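Residues in the sequence shown are numbered consecutively from 12, following my numbering. Beta carbons are placed, not taken as given, at the ideal position from N, Cα and C, and that holds for glycine. Every value quoted in this text rests on a predicted model; they were computed, and no experiment measured them. Below: one structure, written as structure tokens.
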Amino acid sequence: MSLPSTIAVDGPASSGKSTVSFAVSRRIGYLFVDTGAFYRAITLLALEQHLDLDNFAEVSALAERAQIDITPELADDGRQYTVMTDGRDITAAIHAPEVDAAVSKVSAIPGVRAALLNTQRKIAARGRVIMAGRDIGTIVLPDADLKIYIDASLEERATRRYHQRASNGESADLDAIREAIRKRDEADSQRAISPLLRAPDAVYLDTSHLTQLEAIEAMIRILHEWSREKNHEQR
Numbered sequence: 012m013s014l015p016s017t018i019a020v021d022g023p024a025s026s027g028k029s030t031v032s033f034a035v036s037r038r039i040g041y042l043f044v045d046t047g048a049f050y051r052a053i054t055l056l057a058l059e060q061h062l063d064l065d066n067f068a069e070v071s072a073l074a075e076r077a078q079i080d081i082t083p084e085l086a087d088d089g090r091q092y093t094v095m096t097d098g099r100d101i102t103a104a105i106h107a108p109e110v111d112a113a114v115s116k117v118s119a120i121p122g123v124r125a126a127l128l129n130t131q132r133k134i135a136a137r138g139r140v141i142m143a144g145r146d147i148g149t150i151v152l153p154d155a156d157l158k159i160y161i162d163a164s165l166e167e168r169a170t171r172r173y174h175q176r177a178s179n180g181e182s183a184d185l186d187a188i189r190e191a192i193r194k195r196d197e198a199d200s201q202r203a204i205s206p207l208l209r210a211p212d213a214v215y216l217d218t219s220h221l222t223q224l225e226a227i228e229a230m231i232r233i234l235h236e237w238s239r240e241k242n243h244e245q246r
């Protein structure tokens with residue numbers, strides 16, 4: 012089966028895009044890249060270097076000189092990929108609470124987004140990549156071989172996040188989670204730079220009423236359909 016070299020996956024928070032994309036990448040032997048990891052990496056480096064996050068020029072300069080790579084190497088800590096910077100494995104460190112608290116500010120800096128755009132495209136150019144985020148099919152990889160927009164209802168996404176936190180032993184309030192996701196949706200779709208949008212040529216996949224396995228199989232079917240269409244075009 013002929014497969015797309017680059018697969019761009021977009022969607023809102025808790026739609027299942029990362030989980031489904033990672034599972035499919037393992038199934039077909041592709042590298043899974045969550046572009047959020049790049050912004051977390053820059054945030055971590057900025058905090059380690061005690062940069063003023065309100066100094067956009069300084070943080071943007073850091074993003075321009077940082078050497079960040081994502082590799083398919085896995086470990087026993089549940090990671091979906093390995094994030095490297097200057098030969099250092101920072102996969103675990105980018106999920107530290109202090110990074111969580113600051114990454115939104117860093118990811119909104121235009122210079123940071125511009126610098127990381129080149130890095131993301133270079134990784135995608137290697138081929139056999141599934142890249143997930145919120146602006147992949149529209150900004151990062153507008154010429155991706157296949158684009159998929161994974162979605163789910165607000166209620167379903169809030170419920171998923173609630174059960175995830177509860178299963179991890181964390182305190183969880185469904186109403187608060189629902190409101191937080193609603194505000195994130197609003198911010199992502201209305202931001203001036205790289206808003207969350209469904210690319211016109213993206214295949215739409217609603218996972219609201221699908222189990223995780225069903226969503227994975229649905230994405231695999233999309234790949235098969237793409238392959239059939241390509242084979243038909245080449246005849």
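- In the three-state reduction of the DSSP assignment, Tyr215 falls in the strand class, which pools E and B.
- By the 16-neighbour rule on beta-carbons within 10 angstroms, Ala203 is exposed.
- In the three-state reduction of the DSSP assignment, Tyr41 falls in the coil class, being assigned neither a helical nor a strand state.
- For Gly144, the enclosing beta strand (DSSP E) covers residues 140-144.
- In this structure, DSSP gives Asp21 an extended state, which the three-state scheme calls strand.
- Excluding its 5 nearest sequence neighbours in each direction, Glu167 has C-beta neighbours in its own chain below 7 Å: Ser219, listed in chain order.
- In terms of CA proximity to Ala183, Ala169 leads the group Ala169, Lys194, Asp196.
- Of the residues assessed, Leu127 falls on the buried side of the cut-off, its CB having 16 or more other CB atoms within 10 angstroms.
- Per DSSP, the continuous beta strand (DSSP E) segment holding Tyr160 begins and ends at 157-162.
- Counting every other CB atom within 10 Å of its CB across the protein chains shown gives Asp63 a total below 16, marking it as exposed.
- Within the model, the alpha-carbon separation for Ile53 versus Val140 is close to 22 Å.
- Rounded to whole angstroms, Lys158 and Gly22 show a C-alpha spacing of 11 Å.
- By the C-beta density criterion, Pro121 is exposed, having fewer than 16 other C-beta atoms within 10 angstroms.
- About 6 Å separates the beta carbon of Ala57 from that of Val117, a gap short enough to meet the 8 Å contact definition.
- Around the C-beta of Pro211, fewer than 16 other C-beta atoms lie within 10 Å, and the residue is accordingly described as exposed.
- Buried is the label assigned to Ala135, since at least 16 other Cβ atoms lie within 10 Å of its Cβ.
- With a 10 Å radius around the Cβ and a threshold of 16 neighbouring Cβ atoms, Gln91 comes out buried.
- Going by DSSP, Asp63 is part of no beta strand (DSSP E) at all; its letter is neither H nor E.
- DSSP places Val94 in no alpha helix (DSSP H) but in the uninterrupted beta strand (DSSP E) bounded by 93-96.
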